[in-house]
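J.: Numbering (our numbering), first residue to last: 2 to 251.
The C-beta atom is built at its ideal place from N, Cα and C for all residues, glycine as well.
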Amino acid sequence: MTTENIVWITGASSGIGRELALLYATNSWQVYASARNADSLQALSIEATNLKGSIIAAPMDVTHPSDIQTFIDKRVETQTLPRLSILNAGYYEAIGLDELTMDNFNDTFAVNFFGVARALTALLPHYKKTKNGHVAIVSSVAGYTGLPKAASYGSSKAALIHLCESIKVECNAAGIMLSMVNPGFVRTPLTDKNDFTMPFIIEPDDAARRIKIGLDKKRFDINFPKRFSLILKTLRLLPYPLYFKLTSRL
Ligand SMILES: NC(=O)c1ccc[n+]([C@@H]2O[C@H](COP(=O)([O-])OP(=O)(O)OC[C@H]3O[C@@H](n4cnc5c(N)ncnc54)[C@H](OP(=O)(O)O)[C@@H]3O)[C@@H](O)[C@H]2O)c1
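1) Kindly indicate which three-state DSSP category residue 85 falls into: helix, strand or coil?
2) For residue 143 and residue 214, I'd like the C-alpha separation in whole angstroms.
3) In whole angstroms, what is the alpha-carbon distance linking residue 239 and residue 231?
4) Can you give me the start and stop residues for the alpha helix (DSSP H) that residue 154 sits inside?
5) On a CA-only basis, which of 150, 110 and 102 is nearest residue 160? Give me that one, please.
6) Ligand 1 heavy atoms versus the CB of residue 144: any closer than 6 Å?
7) Residue range of the alpha helix (DSSP H) that residue 101 falls in?
8) Going along the chain, which unbroken runs of the beta strand (DSSP E) with 3 or more residues stay wholly within the stretch 20-50?
9) Just to confirm, are residue 233 and residue 145 a CB contact at a threshold of 7 Å?
10) When you compare only the Cα positions, how much space is there between residue 227 and residue 154?
11) Under the assumption that residue 43 contacts residue 58 (Cβ atoms under 8 Å), give the Cβ distance between them as a whole number of angstroms.
12) Assuming residue 18 contacts residue 89 (C-beta within less than 8 Å), just tell me the rounded distance between them.
13) Who are residue 135's beta bridge partners in DSSP?
14) Using the beta-carbon count (16 or more within 10 Å), is residue 158 buried or exposed?
15) Does the separation of the CB atoms of residue 69 and residue 119 fall below 7 Å?
16) Candidates 115, 181 and 113: which alpha carbon is nearest residue 218's?
17) When the distance is taken between beta carbons, is residue 30 closer than 7 Å to residue 8?
18) Distance check for residue 246 and residue 208, CA to CA, integer angstroms please.
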């Protein structure tokens, strides 16, 4: 049994996930907030004390196979399986060709792709039974097309987009709602380390609001800001000589 108005958010200790947790709690939801930093999650839980809903700290490392399974098993056992799961935890480093290492690929894919895949496969058997579960996978517009310095991050996000497109039809048939969330630049600790101008950047509370609107409307494709995602979607349709001429200026 899933429980209405229970949401699980991974990557909730900072940035977009933190704002999503506060927004859902403001709207009377019971939020299970996950990330590795247990102190930040505890502080978030206290911050939500006066909101209509609540935030429960559920610390975990999404790269540890047993953490996610233990969390889901506990929710099933206590009949608190979230109806909505927002798989948002992410890792990013801008890496040029000289710094490209296997460690970077491993670290990036461990969180961004396998962390999501692990949560998804743990949830699916239960959501197949309940037929009202909703999974939201946070990818990025960086997954639309290969951009400079994003070889590992961009390819992990492209893999998530591919994953969502692959399972969407079967999710529909199984009664599982699936949403793919592709934000542009959002001002968070993840992008604070960027030393370049980030076009169309928005604040994390704005990103959370846009994501919740999309999820409330049960949209599959939630992307923003529209102008930026349109530019990147158009870029990938260009012939390569023109494409590389433009991306070499980034
Ligand atoms: N900011 C942007 O411009 C932007 C654009 C497009 C997409 N996104 C995506 O949006 C999502 C949220 O990013 P953000 O910008 O809000 O970044 P952020 O503030 O750095 O948040 C990342 C979150 O992921 C958690 N996390 C990282 N590794 C983890 C692990 N192994 N296990 C569990 N949690 C882990 C972090 O918490 P702990 O360190 O406490 O574990 C943190 O809560 C990411 O998937 C990111 O790729 C961001």
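T.: Walking through what the data contain:
1) DSSP places residue 85 in strand when its eight states are reduced to three.
2) Each residue's Cα considered, the two are about 22 Å apart.
3) Going by C-alpha positions, residue 239 is about 13 Å away from residue 231.
4) 152-175 is the extent of the alpha helix (DSSP H) around residue 154.
5) Minimum Cα distance to residue 160 is reached at 110.
6) Answer for residue 144: no, Cβ out of range of ligand 1.
7) Taken as a continuous stretch (DSSP letters only), residue 101 belongs to no alpha helix (DSSP H), as it is neither H nor E.
8) Note on the stretch 20-50: whole beta strand (DSSP E) runs with a minimum of 3 residues are 31-35, in chain order.
9) Cβ atoms of residue 233 and residue 145: closer than 7 Å.
10) Spanning the alpha carbons of residue 227 and residue 154 requires a straight line of approximately 21 Å.
11) Indeed, because the Cβ distance is near 5 Å, the residues count as touching under 8 Å.
12) With a Cβ gap of about 5 Å, residue 18 and residue 89 count as contacting.
13) As DSSP reads the structure, residue 135 sits in a beta bridge with 85 and 178.
14) Residue environment: residue 158 is assigned as buried (16 or more neighbouring CB atoms within 10 Å of its CB, all protein chains considered).
15) Yes, Cβ-Cβ distance for residue 69 and residue 119 is below 7 Å.
16) When only C-alpha atoms are compared, the closest one is 181.
17) For residue 8 and residue 30, yes; Cβs fall inside 7 Å.
18) So the two alpha carbons sit approximately 31 Å from each other.
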